[in-house]
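Asker: Submitted below is the structure of interest, expressed as structure tokens.
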Amino acid sequence: MLQKFALAVKTKTVEFFAEEEEEDEDEEEGGEEGVENGVVEETVRVLTSVVGEIITGQRVVVLKPDEPVNKPESHHFSLPTSAAKSHHYIFRNTLVSSIFTTISSFHAAYLQLQSFQEPFNLDGIQSADRTAVSHLRRLSDLKGAYTKSNSNVPLLLSESESQVQENQSILRMLETVFNRLQSDIDDKEARVEVLKRDLKEMEKYNSTLDTRLKDIPPSTNRDSLFLQLSVFEAVLKESWKEARRFTKLLIHHMKRSGWELDLVANSLYPNVNFQKKGHCCYALQSHVCLTLFDGFRCDRLKEEPEGTRNDEHEDYLSQLVDHLTIDAVKLLVEMPDCNFATFCKNKYRKTIHPEIESSLFGELRWWDPVLRSWNPSNPLYESFVAMCSSTWMLQKLTSAWNSGSSSNDRAAIKIFQVSRGAEFSTVHMENVIPQSRSRSRTVGFSVLPGFQIGGTSVQCKVYLNYGDDN
0 MLQKFALAVK
10 TKTVEFFAEE
20 EEEDEDEEEG
30 GEEGVENGVV
40 EETVRVLTSV
50 VGEIITGQRV
60 VVLKPDEPVN
70 KPESHHFSLP
80 TSAAKSHHYI
90 FRNTLVSSIF
100 TTISSFHAAY
110 LQLQSFQEPF
120 NLDGIQSADR
130 TAVSHLRRLS
140 DLKGAYTKSN
150 SNVPLLLSES
160 ESQVQENQSI
170 LRMLETVFNR
180 LQSDIDDKEA
190 RVEVLKRDLK
200 EMEKYNSTLD
210 TRLKDIPPST
220 NRDSLFLQLS
230 VFEAVLKESW
240 KEARRFTKLL
250 IHHMKRSGWE
260 LDLVANSLYP
270 NVNFQKKGHC
280 CYALQSHVCL
290 TLFDGFRCDR
300 LKEEPEGTRN
310 DEHEDYLSQL
320 VDHLTIDAVK
330 LLVEMPDCNF
340 ATFCKNKYRK
350 TIHPEIESSL
360 FGELRWWDPV
370 LRSWNPSNPL
380 YESFVAMCSS
390 TWMLQKLTSA
400 WNSGSSSNDR
410 AAIKIFQVSR
420 GAEFSTVHME
430 NVIPQSRSRS
440 RTVGFSVLPG
450 FQIGGTSVQC
460 KVYLNYGDDN
């Protein structure tokens, strides 16, 4: 009886689940409970027919067949999942393409904005600025679309549209760069044309000078070029400029070493009242210039040839021309024992006090080795050599002038300086402080010597004593 009961239950269960698979899946959830009740009723009916009576106190077990292992998924569920994945893939690719296209457009607009800076174009700058801001806003909108996964944003472009716009942005960038390079080329070509015109004018002027030189007798060529008052004043002005430059550099290093300039000025020129505290530098400048021009009239070097005055005249001019065509620093390196090196060494020892040198550069004396080997690390050397070089040329020019003055109508050059306490005169003196309001008429000290050339006077630069205003 139990075997019949089991067979009946199995048969009805298989039939039920076979019919259940053919029904619509939408009715499965709602009718699940009723189906189970129907199975129970049918099972009871079968049991009644087989056994003939209801067996009480027995437990009824409902068996369901096992589900197939490789049951194919229903087409109703797979279709929406595949479509969503495809839609998300398209949205992602479109968004990335739109982002790169917008970045390229912003880059092109920014390059245009830069190109309008020089030459300045206000309208172009404003237009490029608006375009760049619009691309930044577009990037912000694309960011919002990605955050909200909104594929209906009108900013999104297809891949082909994005590629077209990106290529257009690249073309605009290349056009901007090309225009900038073309502008640079035009500027350089214009500069070349200007230089060509200048070169032609210089060649024309040189040709005129060459013609004039050929018309002058050979013996008087250099005399007519160098032995002129304008040339002498130009060399003197250069010497004064180099002396001022060296003095400023020396004062700078003295201040860094802790020197009190007012005490130094008082030791050089006691009891001189300065108009301002900063005028103490003129005392140092006077010391440098007067030391530099000391012995200017009688400075004859040992290597100068002895002979006629005409030979001396030609020799001085040759030394002047040779010194003009070489570098003074290079000359010291190549010829450390030449007369110019000796001149520099003597002037340095008289200009820089040992205590000042020790405070600036330490206990080691650096001058002698530097004269034999150029050392650019020294802060004073280059400026001092330039100052000595201009003074050396002025001395050679003066010697050539004076050596040939007896054979022609030129007056000899004489150097002079004004003593302290002398009355100020605008004929022979020049106040080193321009537009001074002081009523003082007394000289405190000379800063730069003056020169007398016949009836022409090159004024001596002086500093007035502002304690004598009465």
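Under numbering that gives the first Met the number 0, the first residue of the sequence shown is numbered 0, with each subsequent residue one higher. Beta carbons are placed, not taken as given, at the ideal position from N, Cα and C, and that holds for glycine.
1) What's the gap between the Cα of phenylalanine 415 and the Cα of lysine 236?
2) When the Cα of alanine 399 is compared with those of Tyr462, Glu188, Leu224, Ser266, which residue comes out closest?
3) With a threshold of 7 Å on Cβ separation, who are the neighbours of lysine 240 within its own chain once the five nearest residues in sequence on each side are excluded?
4) Determine the contact status of phenylalanine 115 and isoleucine 102, defining contact as a CB-CB distance below 8 Å.
5) Quick check: the Cα distance between glutamate 354 and proline 378, rounded to an integer number of angstroms?
6) Could you say if the stretch 386 to 395 and the stretch 317 to 325 meet the contact criterion of at least three C-beta pairs nearer than 8 Å?
7) Would you kindly work out how many angstroms separate the C-alpha atoms of methionine 253 and valine 332, rounded to a whole number?
8) Can you list the alpha helix (DSSP H) stretches of 4 or more residues lying completely in the stretch 155 to 219, in chain order?
9) Across which residues does DSSP place glutamine 451 in a beta bridge pair?
10) How about tyrosine 465 and valine 431: are their beta carbons less than 8 Å apart?
11) Roughly how many angstroms separate the alpha carbons of valine 483 and glutamine 434, rounded to a whole number?
12) Which same chain residues end up closer than 7 Å to glutamine 458 when comparing Cβ atoms and leaving out the 5 residues on each side of it in sequence?
13) On a CA-only basis, which of Ala410, Gln394, Ala107 is nearest alanine 131? Give me that one, please.
14) Can you tell which of Cys280, Gly443, Tyr281, Ser402 has its C-alpha closest to the C-alpha of serine 418?
15) Taking the C-alpha atoms as reference points, what is the distance between proline 344 and isoleucine 184?
16) Hey, quick one: how far does the alpha helix (DSSP H) through asparagine 265 stretch, first residue to last?
17) Would you mind reading off the limits of the alpha helix (DSSP H) that contains glutamate 237?
18) Nearest to phenylalanine 339 by alpha carbon, out of Thr146, Glu311, Phe383, Ser358?
19) Specify the secondary structure class of methionine 428 as computed by DSSP and reduced to three states.
20) Put glycine 294 into one of helix, strand or coil per three-state DSSP.
21) Along the chain, where does the alpha helix (DSSP H) that runs through aspartate 336 open and close?
22) Determine the direct distance from the alpha carbon of valine 191 to that of lysine 199, and round the result to whole angstroms.
Answerer: So, to answer that:
1) So the alpha carbons of these two residues sit roughly 16 Å apart.
2) Proximity to alanine 399 across Tyr462, Glu188, Leu224, Ser266 peaks at Leu224, based on C-alpha coordinates.
3) Nothing listed; no residue qualifies.
4) No, these two residues do not count as a Cβ contact at 8 Å.
5) Rounded to the nearest whole angstrom, the CA to CA distance from glutamate 354 to proline 378 is 17 Å.
6) Cβ pair count under 8 Å is three or more, so yes.
7) Approximately 28 Å between the Cα atoms of the pair.
8) The qualifying runs are 158 to 214.
9) In the DSSP output, where bridge partners are listed per residue, glutamine 451 has Lys413, Ser456.
10) No, the Cβ-Cβ distance between tyrosine 465 and valine 431 is not below 8 Å.
11) This structure does not reach residue 483, given that the chain is present from 0 up to 469, and the question cannot be answered.
12) Around glutamine 458: His427, Met428, Glu429, Gly449.
13) The residue among Ala410, Gln394, Ala107 with its C-alpha nearest the C-alpha of alanine 131 is Ala107.
14) Of the listed residues, the one whose Cα sits closest to serine 418 is Gly443.
15) The residue asked about is misnamed: residue 344 is lysine in this sequence, not proline. So the alpha carbons of these two residues sit roughly 52 Å apart.
16) Per DSSP, asparagine 265 belongs to the alpha helix (DSSP H) from 260 to 267.
17) 228 to 255 is the extent of the alpha helix (DSSP H) around glutamate 237.
18) Comparing Cα positions, the closest option is Phe383.
19) If DSSP states are grouped into helix, strand and coil, methionine 428 belongs with the strands.
20) Note: glycine 294 maps to coil in three-state DSSP.
21) For aspartate 336, no alpha helix (DSSP H) encloses it, and the DSSP letter there is neither H nor E.
22) Cα to Cα, lysine 199 sits roughly 12 Å from valine 191.
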